[in-house]
Structure formats: C-alpha cells, structure tokens
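All you need for the numbering used here is the position in the sequence shown, starting with 1, plus 2. Data first, discussion second: the structure below is written as structure tokens.
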Amino acid sequence: MTRDHYVSEHQRYAKRLAELEERSRQAHQQAQQKQTKRPIGKKLPRMRHHHYRKNGERVFKLVLLFGLVLLLMLYVISPLSKLQSVTVNGNKELTAEKVERAVRVYPGRFIWGVYFTRQQLCKEARVAQPRITSAKIKVTGPRSMRVMVRENPLIGTATLGKHEYAVLADGHLQETTAKDSGTDYRQFTGHRSDLKLVVRQIGKLKPAIRTGISAVVYQPTKQMPDRIVLYMRDGNTVLANKATVGEKMAYYPGIAANMKKNGVVDLQVGAFSYDYGSKDK
3 MTRDHYVSEH QRYAKRLAEL EERSRQAHQQ AQQKQTKRPI GKKLPRMRHH
53 HYRKNGERVF KLVLLFGLVL LLMLYVISPL SKLQSVTVNG NKELTAEKVE
103 RAVRVYPGRF IWGVYFTRQQ LCKEARVAQP RITSAKIKVT GPRSMRVMVR
153 ENPLIGTATL GKHEYAVLAD GHLQETTAKD SGTDYRQFTG HRSDLKLVVR
203 QIGKLKPAIR TGISAVVYQP TKQMPDRIVL YMRDGNTVLA NKATVGEKMA
253 YYPGIAANMK KNGVVDLQVG AFSYDYGSKD K
C-alpha cells in the first residue's frame, strides 16, 4: 500500500512538472514571437519607403535619359544646330570666302555634319584648292567654327603654249586667267616636268630672295643642258642649274652685296660673279 501510494505521488509530480515545463515552453515561444513580430512591424514601413524610393530613382533616370535623347534629336534637326559664324585663320593670299568654299564650311550648314566629316572635308579641300596645303576645322561655340589653313604660296605665273598657269611653291600649276606680279616663268613650253622641278627649287627659297626674282627663263645649252637664267629685280642676272638653284641661291645675297656694279652671278658649278661686259656670258 505504501509503495502504491509512493508511485501515485511520483506520477502526479511528474505530470505536474511536465505541465509546468510545457507552459514555460509556450510562454517562451510567445515571447519570442512577440519580439520577432515587433521589429518586422516597425521595419515594414521603412522597407516600403526604400522600395518606393528605389523605383522612383529608376523611373527618374529613365525619364532623364529619354529626355536628353529627345532634346538631342530635336537639336540635330533644328536651326539651332546650324552654323552661324565661321572664322578663317592663316590665309594670306586666299580670301576667307574661297577657303570656306574649298573646305565647304560656311554659315547655314549643320554643325554636327561638319564636325563628324571634318577630316574628309579638309582632305577634299586640298584637292579642290591646290593653294591650301593643310586645313583644320575646330568647333569654337554652339554655332561657330574656326577653319585654320596653311597656304601653298603663289610664286608667279607661267605660259605653256596658249595657257596661263599660276605657279605654286610645291610645283603645282593651276590654270588661271589672272596676271600675277610675281616671278614670270618663260620658255618652258614642252618642258612641263622641268618647270615643276624649277618651281619646287624656287619654292625652297626664303621669301626675301624669292620675291627678288623677276623672271626665270629656261635656256639650256649643249655645254649646260640644265641651265636656267634668273633675272633679278636689282639688275643682276643669275646663271643656275635647274636641279640645284634652290640650294645655290641661298648664297646670292652675300655675293650681290660684294658686287660693285650690276653683273652676272654664275651658280652653275661654283659661285662667282663678274660685271656686265667684262666676260662673255
């Protein structure tokens, strides 16, 4: 009887202990659930706000991008993208109008069309206008550009048969009807290649020497088949070789300064001078 009573009491305590443990576990779970639910409830508005803000930023960026593209497209086809002013620099003998026409850059053209084809335009300009040796196009404002050129100097005129040509420093001959006050190249009819060679040689000279030449005459002889004669504006006559005149004429100013009278300067082989009449030319 005592043993049965002891077992019964033990079972009752064990059951009671189990109930207490279960209540404690449930209370602990409820407390954890409350702690978990409470921060989520607080974070949810923040998460929504962050989500809305991110979506708003994406929409704004897309609208801004498409807006800029639209503005660019409108600018490209609008009069605002047309050139209003063109400045030409570096031209001395060519007028600004001739440079603009050669380069094809002038007010009224779309600036973007010129900018993206500027290298090709400069290349074509040298073909269209041989007096341009190089050209460069630069944007200076929303509706303005600058064209910078280097000229191929005009150093005289030549008559070949019935045609008159402008003679350029690089040997190029440009047909013209205008008379030039520079050097006159004579007796080169039938000797076009010789004329180009002589012109390139003369083109090497400093302007101070080059402008002092009144005429260049092709006068070959049996003894000197490459001879040319230069008539100087100071009254002297120069005998030279067509292939070396550009080098030898560099000595002319010093030789002429030591001459007491006008005469002949012979640069064909060496470099010496004599007065007119003192020796046969």
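Yeah, the Cβ is synthetic: ideal placement off N, Cα and C, and Gly gets one too.
Buried versus exposed, by CB contacts within 10 Å (16 or more), residue i
i      : result
Leu156 : buried
Gln122 : exposed
Arg55  : exposed
Ala168 : buried
Ala20  : exposed
Gly1   : Residue 1 falls outside the range modelled here, since the chain spans only 3 to 283, and no answer is possible.
Under the three-state DSSP convention, the category residue i falls into
i      : result
Met234 : strand
Gly92  : coil
Arg111 : coil
Gln86  : coil
Val271 : coil
Ala20  : helix
Asn264 : coil
Gln189 : coil
Ile42  : Any reading at Ile42 must be qualified, since the residue scores a pLDDT of 49, below 50, and its modelled position is unreliable; the value itself is stated next. Three-state DSSP puts Ile42 in a helix.
Gln176 : strand
Arg145 : coil
Residue i: first and last residue of the uninterrupted alpha helix (DSSP H) it sits in
i      : result
Asp196 : 194-205
Gln121 : 120-130
Ala245 : Per DSSP, Ala245 belongs to no alpha helix (DSSP H) and is neither H nor E.
Ala217 : Here Ala217 belongs to no alpha helix (DSSP H); instead the beta strand (DSSP E) covers 215-220.
Arg103 : 98-105
Ala210 : 209-212
Sequence-distant residues of its chain with Cβ nearer than 6 angstroms to residue i (five each side left out)
i      : result
Phe274 : Asp268
Val151 : Gly92, Asn93, Val101, Ile134, Ala137
Limits of the beta strand (DSSP E) - the one that residue i falls within
i      : result
Ala171 : No beta strand (DSSP E) contains Ala171, which DSSP labels as neither H nor E.
Gly279 : Counting along the chain, Gly279 falls outside any beta strand (DSSP E), and DSSP gives it neither H nor E.
Ala252 : Run containing Ala252: none; DSSP gives neither H nor E here.
Gly158 : 156-162
Residues near residue i in its chain [Cβ-Cβ closer than 7 angstroms; skip 5 each side]
i      : result
Tyr117 : Val141
Gly230 : Residue 230 is actually Ile in this sequence, not Gly. The answer, listed in chain order, is Val200, Val218, Val219, Tyr220, Gln221, Ala242, Lys244, Val247.
Tyr276 : Gly265, Val266
Cβ-based neighbour list, residue i, same chain, cut-off 8 angstroms, excluding 5 preceding and 5 following
i      : result
Glu153 : Gly92, Asn93, Lys94, Glu95, Leu96, Arg133, Ile134, Thr135
Cys124 : Val105, Ser136, Ala137, Lys138, Ile139
Gln86  : Pro109, Arg145, Ser146
His165 : Glu177
Pairs of beta-carbons, one from the stretch 105-120 and one from the stretch 55-66, closer than 8 angstroms: are there three or more?
No contact exists between the stretch 105-120 and the stretch 55-66.
Touch check for the stretch 246-264 and the stretch 193-203: three-plus C-beta pairs under 8 angstroms?
yes
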